[in-house]
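First residue of the sequence shown? That's 242 in this note's numbering, and the numbers climb one at a time after it.
Take a look at the structure set out below.
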Amino acid sequence: MTGRVIVVGSINIDLVATVQLLPAPGETVTGGRFGRHHGGKGGNQAVAAARLGAPTAFVGAVGGDEFGADALAALAAEGVDVAELRTIAGEPTGVALILVDERGENVIAVASGANAAVTADLVRESLASLAPAPGDVVLVGHEIPTAAARAALAAGRAAGATTVLNPAPATGLDRSAFGLADVLVPNRTELGQLLAAEARRIGRPAAGADRPDVGARTLLEPNAEGEGVGSAVLVTLGAGGAVLVRRGAEPLDIAPPRVTVVDTVGAGDALCGALAAALAAGSALEDAARRAVLAGSLATTRAGAREGMPTRAELDTVVEGIVDAAGQGPGR
C-alpha cells in the first residue's frame, strides 16, 4: 500500500527575470525577460511528489491576498490536499525574487510573508488532523520558522512516519531539529554551513567541509549536542549528482543523466519531492535516491520551478531507458 507524502513548508509566488549575466553588486542588467510562477520550496516539493503519483498533502500558510488565492488554487489543481493550507489575514503571501542567467544559474531573495507566521502550534494542529502513520513520509523544509520545522519532524517521528528534512536555508538548524530527521537532504553549501555552525558551537574544527561524504558522516554520528541524523544524508551536488551516506554502509555516488540544462530553479525541490514519493511507495532508500536524482535532472530541462517537474510517466520512461542500457537501474 502506498503511503502519503505530507509536506510541511513554504509557498511563494516566484517573480523571475531571465538575463544574460547575473548582475554584480551595484550593477544594473537590462534586456531580461520576466515571468511569474508558483513556487516556494514546500509548494514545489508537494507538486513534485503529486506529479509522481504520491497522495500528497500540504501544511503551511498563505496571505489573505490575490497571490494567496492563486497559490492555493495552483496546488489544488495539481491534486495536492490543501485542507491544512491556512490563509492568514493581514499577512502577505510569500514572494521570491529570482534572477536566472543564460547558463541556468540563479540567485534568489525571498520575502517570507505568511510563511514566517507558520507556528509550531499550527503545524502540530495540522498534522494531528492529517494523522501521519507508518508508511507515510513527512517532508519538511526550512523556509518556515525553525520551531515549526522542528515540531513537524517531532510529530512525524512520534507517529512512526519517515521524516525527511531539506535544510534550505541551513541557518539556525542544530541537532534538536535535524536529529529528528531520518533522512537529511542538503546541498553542498548547506552541508558546509551546518558543519561550520556546529563546529563553532562545540569549539572544534569543522570536519569534512570539502568532502561531502565525510561531512555527512559527521552529521550521522552523535556528539555532545545530541543524536545525529537517523538513517542517511543525501548530499546533492548539482551537475555532479548526489552522494548518499548511510549508517553502517559505504557512501553511494549517484551520477545524473546527461541533459540540456535550461533552468536550475526548482531542481532540488523536484529531487526532494521525488525522494519522498519513492519512499512513500515503499522503495528502498538507495533506489529512491537514484530516482530522485533523475527527477531533479529532468527538472532542469524546462524553465520555471514547477514547469519542469516530471510526471510519473516521464520519469518511468527515463528509468526504463537506463534499465535497457545498463541492465539495472533505480527502482520504481
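We put the beta carbon where it would ideally sit given N, CA and C, even for glycine.
Relative to the Cα of residue 297, the nearest Cα in the group 535, 556, 550 and 518 belongs to 518. The distance from the Cβ of residue 247 to that of residue 373 is about 6 Å, consistent with a contact at the 8 Å cut-off. A check of alpha carbon separations from residue 557 across 543, 515 and 331 identifies 515 as the nearest.
Short of 6 Å from the beta carbon of residue 258, and not among the five residues preceding or following it, lie these beta carbons of its own chain, in chain order: 273, 275 and 340.
In the structure shown, the three-state DSSP call for residue 482 is coil.
Taking all protein chains in view, the Cβ of residue 266 is surrounded by fewer than 16 other Cβ atoms within 10 Å, so the residue is classified as exposed.
Following the DSSP letters along the chain, one finds residue 380 in no alpha helix (DSSP H) but inside the beta strand (DSSP E) bounded by residues 378-382. Taking all protein chains in view, the Cβ of residue 453 is crowded by 16 or more other Cβ atoms within 10 Å, so the residue is classified as buried. Per the coordinates, the alpha-carbon of residue 548 lies some 36 Å from the alpha-carbon of residue 459. About 5 Å separates the Cβ atoms of residue 475 and residue 426, confirming a contact at the 8 Å cut-off.
Per DSSP, reduced to three states, the secondary structure at residue 475 is strand.
In this structure, the straight-line span from the alpha carbon of residue 523 to that of residue 485 is close to 18 Å.
By the CB criterion at 8 Å, residue 359 and residue 389 fall inside the cutoff. Rounded to whole angstroms, the separation of the alpha carbons of residue 408 and residue 356 is 15 Å. Excluding residues up to 5 positions away in sequence, 535, 538 and 559 lie with their Cβ nearer than 7 Å to the Cβ of residue 498 in the same chain. Between residue 511 and residue 289, the CB-CB gap stays under 8 Å. Rounded to whole angstroms, the gap between the alpha carbons of residue 386 and residue 487 is 28 Å. Between the alpha carbons of residue 532 and residue 563 lies a distance of about 11 Å. Taking each of 465, 501 and 334 in turn and checking the Cα distance to residue 441, the smallest one comes out for 465. Assignment of beta-bridge partners to residue 495 by DSSP yields 483.
Residue 283 places its beta carbon less than 8 Å from that of residue 249. Between residue 432 and the set 404, 443 and 461, the nearest pair of CA atoms involves 461.
Of the candidates 264, 321 and 437, 437 places its Cα closest to the Cα of residue 451.
Looking at the backbone, the Cα of residue 554 and that of residue 319 are separated by about 15 Å.
Contact check for residue 402 against residue 375 passes: the beta carbons are separated by less than 8 Å. Between residue 477 and residue 542, the CB-CB gap reaches or exceeds 8 Å. In this structure residue 467 is exposed. Its beta-carbon is surrounded by fewer than 16 other beta-carbon atoms within 10 angstroms.
In the structure shown, residue 313 adopts helical secondary structure according to DSSP, grouped into three states.
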